[in-house]
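Working notes, beginning with the structure itself.
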Amino acid sequence: MPAGRYAPSPSGDLHFGNLRTAVLAWLFARQTDRACYLRVEDIDSERSSMESAARQISDLEALGLNFDPPVTYQSDNDERYRAALGKLDVYECYCTRRDIREAASAPHAQPGMYPGTCRDLTEAQRKAKRAELAEQGRMPALRLRAGCAEWSVRDFYAGEVVGAVDDVILRRGGNLNQAQAGDWAYNLAVVVDDGEQGIDQVVRGDDLMFSAPAQAYLAHLLGYAQPEYVHVPLVVNSEGRRLAKRDGAVTLREMLREKEIAEVVGQIAVSIGCPGVESVDGLLTDFDPGALPREPWVWSG
Ligand code: GLU
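Residues in the sequence shown are numbered from 36 upward in steps of one, following our numbering.
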């Protein structure tokens, strides 16, 4: 069955912008008779917590969103990611974030793209780098040896988008002292889970548009069908920056201290071009993807 999903990272309560994206992901899936899954993206072991996941799930339920069971957790999918990694051409990367920042600021470097520092090292160089890292208690990260520089995706709003592909991180560096392998990287986990869950429609914030070409390329390498993307504009604060917790009472729990749930849904409805609707079921009938504002939505409290 075709399916969409909402895939939050459980590192804090969902705010108005997250809730709006969740509602949009649910509407796009349900209006097109897709299953709609909730996937907890808890691969970042330092920032994620089960408590946060539980709070997010109950907030989404409070909005009236129903997801198809089961709720899945990326932390359960270690085997799946390991198997995918085994199918890919990868290399060890010894760079620190700082190395990458510095290399990326060199003339002609493409901003945000890995400059390929560790791609073509000789075995002797790798051995030396590995030893250097081991002295610091670190284990190397793993990167994809990408076989192309760009890839094309289809986005519901943006149309055909051709974007750069770099040697994305697949597994983060680990901690040697704690004999702990690094976390799986977002790009690998998201592609493998979307592929394994049969997700053919990916609705999410347009801050992730830039990562879609590399993800679609990775999906292609792993033999998964390429999903259709629906990148939706973000909610921003009055200064035009992405909405954040410090922007006031922006989480559902904070909002519910002052208003009823119907009013919160009503605010989301206004922001997606459906004024006057106060339930997600009402939105299911009334939401018109063509009426979604294409500009960032400015949060006004
Ligand atoms: N877990 C990601 C986030 O919360 C979303 C990933 C995705 O939808 O592809 O930002």
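Glycine included, C-beta positions come from ideal geometry on N, C-alpha and C.
Residues Tyr-72, Leu-73, Arg-74, Val-75, Asp-228, Gln-232 of the same chain have their beta carbon placed closer than 8 Å to that of Thr-107, with the five preceding and five following residues left out of the count. Within the same chain, and ignoring the five residues on either side of Lys-122 in sequence, the residues whose Cβ sits closer than 7 Å to its Cβ are Leu-257. Taking C-beta separations shorter than 6 Å and ignoring five residues to either side along the sequence, Gln-171 has no partners in its chain. Inter-residue distance for Pro-262 and Pro-37 is about 10 Å (C-alpha atoms, whole angstroms).
If one requires a minimum length of 4 residues, the alpha helix (DSSP H) runs lying completely within the segment 177 to 242 are 221 to 231, in chain order. A direct Cα-Cα distance of roughly 20 Å separates Glu-185 from Leu-177.
Look at Ser-83: its beta carbon is at least 7 Å from all of the heavy atoms in ligand 1. Between the segment 202 to 211 and the segment 266 to 281, the count of Cβ pairs shorter than 8 Å is below three; the stretches do not touch. Val-58 and Tyr-116 have their C-alpha atoms roughly 28 Å apart. Note on the segment 264 to 311: whole alpha helix (DSSP H) runs with a minimum of 4 residues are 287 to 290, 296 to 306, in chain order. Fully contained in the segment 119 to 155 are the following beta strand (DSSP E) runs of length 3 or more, in chain order: 125 to 128.
Here Gln-236 is buried: its Cβ has 16 or more other Cβ atoms, across all protein chains shown, within 10 Å. Annotation: Arg-82 to Arg-165 spans about 27 Å, alpha carbon to alpha carbon. Check the Cα spacing between Ala-169 and each of Gln-213, Leu-62, Gly-336: the tightest is with Gln-213.
The alpha carbon of Asp-48 has as its nearest neighbour, out of Ala-64, Met-85, Gln-91, the alpha carbon of Gln-91. Between the alpha carbons of Arg-288 and Asp-94 lies a gap of roughly 8 Å. Inclusion of Ala-42 in the 7 Å shell around ligand 1 follows from its C-beta lying nearer than that to a non-hydrogen atom of the ligand.
Straight across, the Cα-Cα distance linking Trp-61 with Gly-240 is about 13 Å. Within the segment 72 to 119, the complete alpha helix (DSSP H) segments at least 4 residues long are 85 to 98, listed from N- to C-terminus.
Rounded to the nearest angstrom, the gap between the Cα atoms of Leu-98 and Glu-313 is 10 Å. Going by DSSP, Ala-163 is part of the alpha helix (DSSP H) stretching over 158 to 170.
Linking Leu-278 to Ile-307 through their CA atoms gives a straight-line distance of about 16 Å. Spanning the alpha carbons of Ser-187 and Tyr-264 requires a straight line of approximately 11 Å. Counting only residues of its own chain and dropping the five nearest sequence neighbours on each side, Leu-243 has a CB closer than 8 Å to the CB of His-266.
Between Thr-157 and Cys-130, the gap from beta carbon to beta carbon reaches 8 Å or more. Val-237 has its CB nearer than 7 Å to a heavy atom of ligand 1.
Boundaries of the beta strand (DSSP E) around Tyr-41: 38 to 41.
Under DSSP, Ala-70 shares a beta bridge with Ala-38. Counting along the chain, Gly-317 sits inside the alpha helix (DSSP H) bounded by residues 315 to 321. In the three-state DSSP reduction, Arg-173 falls in the strand class (E or B). In the DSSP assignment, Tyr-252 falls within the alpha helix (DSSP H) that extends over 247 to 256.
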